[in-house]
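Notes for the one structure printed next.
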Amino acid sequence: HVIEHLHNGDKVVEGLIKKLKPGGRMYVEYPGQRSTRLPSMYGTLNFYDDPTHVRIYSTSELGNLFKNSGCKVLQKGMRRNGWFIAAMPFRVVTTLVRGKKLQGNIFWDLLGFAEYLWVEKN
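In structure tokens:
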């Protein structure tokens, strides 16, 4: 999660693509459009909870950027890691038992906070 913190994240991605050799792969993950509609929570559950977030991207926008830069999209979508979702109740309980404050990122995979693209340079 970097590009959402940059005013020129798309230009940074284009620069990274130029560094890829043919067959080279890149994984990009970022808060998705859905994150703007999630409730606010300590540790960022809503895109706007983090004051350093400057830009929201869509999968189609970044997919087009990659395609126009000579890459093919191998996989894209909402990040939903089953292991993180399965571990969520344990993480919630252990956080509370330790007297710590729950952070929004514990719920990212369950609620669909992040989107990703997995691409390969032609």
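Here the sequence shown is numbered in my numbering, starting from 229 and rising by one per residue. The beta carbon of each residue, even a glycine, is placed where N, CA and C say it ideally should be. Computed from a prediction, not measured in an experiment: that's the story for all the values here.
- With at least 16 other beta carbons inside 10 angstroms of its own, L266 counts as buried.
- E257 sits away from H235, with the two beta carbons spaced by 9 Å or more.
- Non-local C-beta neighbours of S297 in its own chain, meaning closer than 7 Å and more than five positions away in sequence, comprise E242 and I245, ordered along the chain.
- Annotation for G298: no alpha helix (DSSP H) segment contains it, and DSSP assigns it neither H nor E.
- Nearest C-alpha to R307 among E348, F335 and C299: F335.
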